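Position one of the sequence shown corresponds to residue 1 (UniProt numbering), numbered consecutively onward.
All C-beta atoms in this analysis are idealised placements derived from N, C-alpha and C, irrespective of residue type, glycine included.
The model shown is predicted, which means the values in this text are computed figures rather than measured ones.
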Amino acid sequence: MTKLKLKKHLAVLPKEDVINLVLSLYDASAEAKMYLEMYLTPDYSAALERYKKIIRNEFFPARGFYDKPSFATCRKAISDFKKLKADAISLGDLMLYYIELGCEYTMTFGDMWKQYYTTLETNFEKALKHISDHNLEEHFRPRIESMLKSTQCGWGFSDTLWDMYYDYYGCQE
Numbered sequence: 001m002t003k004l005k006l007k008k009h010l011a012v013l014p015k016e017d018v019i020n021l022v023l024s025l026y027d028a029s030a031e032a033k034m035y036l037e038m039y040l041t042p043d044y045s046a047a048l049e050r051y052k053k054i055i056r057n058e059f060f061p062a063r064g065f066y067d068k069p070s071f072a073t074c075r076k077a078i079s080d081f082k083k084l085k086a087d088a089i090s091l092g093d094l095m096l097y098y099i100e101l102g103c104e105y106t107m108t109f110g111d112m113w114k115q116y117y118t119t120l121e122t123n124f125e126k127a128l129k130h131i132s133d134h135n136l137e138e139h140f141r142p143r144i145e146s147m148l149k150s151t152q153c154g155w156g157f158s159d160t161l162w163d164m165y166y167d168y169y170g171c172q173e
């Protein structure tokens, strides 16, 4: 069904039927429930912490050790948070948190494989673009620079991150 068909169908339903439909949707899906809660009371701090915990668990699980964190799980967490219509600062925070944990992971456990670094570089680029698009540079600059200064590892990863940063902000260390 297209959005247009859905809109036409909803437009002719009595108000009580629309309310019952929304309540059924609320009960049927955890994602719908979270979306509706955010729509009605937009407090992203609890949701942000929930999604940060998902990402942290990929790199540093409470028990055990993952030798290959799931980047797909991290991307899905960011995508799901974005679907909640999160404010730009909260979304930028989560995007940057993902990269910070990736850097912390490699600094903790040593050099990783090339695709590991490539994936983090790609997602760092996305975070920088989001931050730039929403004019949040001054808000995130100290945090980004702190992360970059504490990350010195293989495959030219650190240099690539610094180069990306310079490309966006034209600054020098």
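*Could you say which of Lys8, Met95, Thr108 lies nearest to Asp67 if we only look at CA atoms?*
Thr108
*Check each candidate in Asn135, Lys82, Arg143, Thr160 and name the one with the smallest Cα separation from Leu101.*
Arg143
_The alpha helix (DSSP H) that contains Leu13, what's its start and end?_
Segment: none, Leu13 is in no alpha helix (DSSP H) and carries neither H nor E.
*Confirm the yes/no value for this check: CB of Asp163, any heavy atom of the ligand SAM, distance under 8 Å.*
Among the components modelled here there is no ligand, and therefore nothing to report on the ligand SAM.
_Contact under 9 Å by Cβ, Leu91 with Ile78_ = Leu91 is a Cβ neighbour of Ile78, given a cutoff of 9 Å.
*Phe140: first and last residue of the uninterrupted alpha helix (DSSP H) it sits in*: 137-149
*If we count the other Cβ atoms within 10 Å of its Cβ and call it buried at 16 or more, is Pro69 buried or exposed?*
Pro69 comes out buried.
*In chain order, what residues of the same chain have a beta carbon less than 8 Å from the beta carbon of Leu48, not counting five sequence neighbours either side?*
Phe81, Ala86, Ser90, Asp93, Leu94
*C-beta contact flag for Leu120 and Tyr168 at 9 Å*: no
*asked:* Spatial neighbours of Lys83 within its chain, please: C-beta separation below 8 Å, excluding the five flanking residues on both sides.
replied: Glu31, Tyr35
*Can His130 and Ala88 be called in contact, C-beta distance under 9 Å?*
Yes.
*Would you kindly check if the distance between the Cβ of Cys153 and the Cβ of Gly110 is under 9 Å?*
yes
*Whole angstroms is fine: what's the gap from Lys53's alpha carbon to Phe59's?*
10 Å
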